[in-house]
Amino acid sequence: MLRLIPLFPLLLLAACVSPAPDFFGAERQEVTRGGIRFVIYRSGAEVEVVRMGYLSRPARAAVPRLMAEAVEEATGCPVVPGSMTTKIPGDTGVARFDLNCPG
C-alpha cells in the first residue's frame, strides 16, 4: 500500500535555515535585496550568506552581487573584493565572504 507523506512538516523544514557548524552561535540577520531574501551569519571578519527561495537558472546571474550587497548592508562593512567562496563552483545558494572592517 502506498503511503503519502504529509506535506506540512516538509514545508516547515523548507522554511528553516541554519548555518554551517563553524558559524553556530554567529550573529544572524536577514536582508532582502533585489526581491531575494538572504540570511547572513557573521563570525568576526567572515560571513556566510544563504539565499532563500527558488530561482530559475537565468535568474541566478545577479545573485553574487546581491549577496555582497546584502552582506554589506547587514554588517556595515565592505566585503573583500574577490573573497566570495562556495562549496560548489557557481553555487548561488550559499556563499562565504571576508569582511574589511576597521578595528
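Residues -19 to -1, 1 to 84 in mature numbering (1 follows the signal peptide of the UniProt record, and there is no 0) are what the sequence shown lists, from first letter to last. We put the CB at the ideal spot given by N, CA and C, even for glycine.
Spatial neighbours of residue i in its chain, beta-carbon cut-off 6 Å, leaving aside the 5 residues before and after
i	result
Q10	I21, A55
A51	V12, R14, F19
residue 146	This structure cannot speak to residue 146, because the chain is shown only from -19 to 84.
V28	I21, V52, F78
S24	F4, A7
Reduced DSSP category for residue i - H, G, I as helix; E, B as strand; rest coil
i	result
F4	helix
T13	strand
F(-12)	Low confidence applies here, because F(-12) scores a pLDDT of 46, under 50, leaving its location unreliable and the question unanswered by this model.
V61	coil
V31	strand
A(-6)	Any reading at A(-6) must be qualified, since the residue scores a pLDDT of 45, below 50, and its modelled position is unreliable; no value is offered.
Nonlocal neighbours in the same chain, by C-beta distance under 8 Å from residue i, ignoring five residues either side
i	result
A49	V60, M65, F78
Cut-off 7 Å between Cβ atoms - residues of its own chain near residue i, not counting five sequence neighbours on either side
i	result
G15	A43, L47
A26	D79, L80, C82
V(-3)	V20, V31, M33
For residue i: DSSP bridge partner residues
i	result
L80	V60
V75	V31
I21	Q10, V30
field: the region 31 to 43 touching the region 1 to 8, judged by at least three CB pairs closer than 8 Å
entry: no
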